[in-house]
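Trainee: Below is the structure I would like to discuss, written out as structure tokens.
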Amino acid sequence: MKYRSTINSKVYRKLLPIFCVLTVCLVMLFGCADPSAPKKNEEAGDTAVQKIKIGLSMDSLRVERWQKDRDIFTAEAEKLGAEVIVQSADGDERRQNEQAENMITQGVDVLVVIPKDSVAAAQIVQAAHAEGIKVVAYDRLIRESSPDLYISFDNEQVGYLQAEYLLRQKPKGNYFLLGGAPTDNNAQLLRKGQMRALQTAIDGGDIRLVAEGKHWAVNWDPRDALKKAEQVLTQTNNRVDAVVASNDGTAGGVIQALAGQNLAGRVIVSGQDAELAACQRIVKGTQTMTVYKPIHLIATKAAQAAVALAKGETLAEATQTVNNGKIDVPSILLTPIQVDKANLDEVVIKDGFHTREAVYQE
């Protein structure tokens, strides 16, 4: 026992200096650490909580312009540090509501909604607000609810610009008004603007509305526009001088119907969105004009507004309001531009929306 004790004592004396050195190193290590620096796990947790998540609920991606909206919006939001979840309902309002519910479940901070049906989408607003989630109505107003922001172009003014342009070109004659989707609040606003431009000429007998002005293209579908235009041409024995088509897709359907009667280029036709095919038709002379709504502007501003709402910031640019049947919705309304062959290069191509080579097919 005495021998063992001696050995242990010797080992202890040899190891003691090593223990002391290790103790001093540990003290120095923790003593030099920055007490204000967050712990790694806490920092990672805070980052996950603070990252803004935006849900972009889209009616459809069938129309060319909506693909541009999606891409520009997403790029701007990500540049601002947000994550974007995109869902397209493919023209089905029930699917859109279900997709929005799913994004709410995923914990988005803001929902940006391009509604298929302006009334049905009120359920999205209610469901989002129940979870403390802000809602932005993008380009199309959501009715009978309380969205936090509406951002769009002045759609009544778009309709006015369409009809006003054609009226200057053809101050007398038979006019066919082809509306967009009857479930889209924008289609109603466009018609209101169109009638504001034409009403005096109608009252004076210079303009006559054929087909009683009651035709609307279901889902903004060019095929339905083609069908409606063919019906009107048959009913009027081709006596149509101007067609106020509410967007470029429906204008394309109308022009196809006119071409079938050798009237393409002889009947003036309006549009909206400055789609590539429409710009090509304007160059060829089969479509008279379009209304350009700078997509980069609305998509960028919408992304910036969504991030600001997620942070609880005040939107200084929401200086206007639009009544949706329930409240005056804070709104950002942008200015649309008439485009024809004379200013196509200066407005659409210079803005980078399309290349000159694509438009002129060089």
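The opening residue of the sequence shown carries number 291 in our numbering; numbering runs sequentially from there.
Ideal Cβ positions, reconstructed from N, Cα and C, are used throughout, including at glycine.
1. I'd like to know if the segment 534-552 and the segment 504-524 are in contact, where contact means that at least 3 CB-CB pairs between them fall below 8 Å.
2. Chain D beta carbons: is any one of them nearer than 9 Å to that of Gly615?
3. Whose C-beta lies closer than 7 Å to the C-beta of Val638 among residues of the same chain, with five residues either side of it excluded?
4. Could you tell me the alpha carbon to alpha carbon distance between Asn475 and Ile432, rounded to whole angstroms?
5. Taking only runs of the alpha helix (DSSP H) that begin and end inside the segment 425-486, which ones reach a length of at least 4 residues, in chain order?
6. Take the Cβ of Asp429 as the centre, count every other Cβ of all protein chains shown within 10 Å, and call the residue buried at 16 or more, exposed below.
7. Could you check where the alpha helix (DSSP H) with Ile617 kicks off and where it finishes?
8. Tell me whether the beta-carbon of Gln562 lies closer than 9 Å to the beta-carbon of Arg571.
9. Roughly how far, in whole angstroms, is the beta-carbon of Val400 from the beta-carbon of Lys424, given that I think they are within contact range, below 8 Å?
10. Roughly how many angstroms separate the alpha carbons of Gly550 and Thr580, rounded to a whole number?
11. For the segment 375-383 against the segment 349-361, are there 3 or more C-beta pairs whose distance is under 8 Å?
12. Check each candidate in Ile585, Arg458, Leu599 and Glu354 and name the one with the smallest Cα separation from Ile558.
13. Which residues mark the beginning and the end of the beta strand (DSSP E) in which Val376 is found?
14. In whole angstroms, what separates the C-alpha of Ala487 from that of Tyr455?
15. Taking Cβ to Cβ, would you say Ser536 is nearer than 9 Å to Arg481?
16. Does the Cβ of Val444 have 16 or more other Cβ atoms within 10 Å, making it buried, or fewer, making it exposed?
17. What does DSSP give as the partner residue(s) for Trp510 in the beta ladder?
18. By the three-class DSSP mapping on this structure, what secondary structure does Ala554 have?
19. Give the straight-line distance between the Cα atoms of Ser526 and Ala532, rounded to the nearest whole angstrom.
20. What is the residue span of the alpha helix (DSSP H) that Ala606 lies within?
21. Cutting at 8 Å between CB atoms, please list the residues of its own chain near Leu468, excluding the five before and the five after it.
22. In whole angstroms, give me the CA-to-CA distance for Gln610 and Pro620.
23. Beta-carbon within less than 8 Å of Gln674's beta-carbon, same chain only, minus the 5 sequence neighbours each way: which residues are those?
24. Per DSSP, which residues does His505 bridge with? Please list them.
25. Can you tell me whether Pro472 is buried or exposed? The criterion is at least 16 other CB atoms within 10 Å of its CB, across all chains shown.
26. What first and last residue would you give for the beta strand (DSSP E) that runs through Arg498?
27. Can you tell me where the alpha helix (DSSP H) holding Ile342 begins and where it ends?
28. DSSP three-state call for Leu351: helix, strand or coil?
29. Considering just the uninterrupted stretch of the beta strand (DSSP E) at Ile572, what are its terminal residues?
30. So Ala535 is in the beta strand (DSSP E); what residue range does that whole segment cover?
31. List the residues that DSSP assigns as beta-bridge partners of Ile404.
32. Among residues of its own chain, excluding the 5 on either side of Val409, which ones have a beta-carbon nearer than 7 Å to its beta-carbon?
33. How many angstroms separate the CA atom of Ala595 from the CA atom of Asn387?
Mentor: Based on what the coordinates show:
1. yes
2. No chain D is part of this structure, which consists of one protein chain only.
3. Ala564, Cys569, Tyr582, Val629 and His644
4. 8 Å
5. 445-459
6. buried
7. Element bounds for Ile617: n/a, residue is neither H nor E.
8. no
9. 5 Å
10. 22 Å
11. yes
12. Arg458
13. Glu373 to Ser378
14. 9 Å
15. yes
16. A small correction: the amino acid at residue 444 is Asp; Val does not occupy that position in the sequence shown. Buried, since its Cβ has 16 or more Cβ neighbours within 10 Å.
17. BP columns for Trp510 are empty, so no partner.
18. strand
19. The identity of residue 526 in the sequence shown is Thr, whereas the question assumes Ser. In a straight line, the C-alpha of Thr526 is about 13 Å away from that of Ala532.
20. That residue, Ala606, is in no alpha helix (DSSP H); it is neither H nor E in DSSP.
21. His505, Trp506, Ala507, Ala515, Lys518, Ala519, Val533, Val534, Ala535, Ser536, Thr540 and Val544
22. 6 Å
23. Because the chain spans 291 through 652 in this model, residue 674 falls outside it and cannot be assessed.
24. Leu468
25. exposed
26. Ile497 to Leu499
27. Element bounds for Ile342: n/a, residue is neither H nor E.
28. coil
29. Not the beta strand (DSSP E): Ile572 falls in the alpha helix (DSSP H), residues Leu566 to Lys574.
30. Ala532 to Ala535
31. Met348
32. Arg433 and Glu434
33. 22 Å
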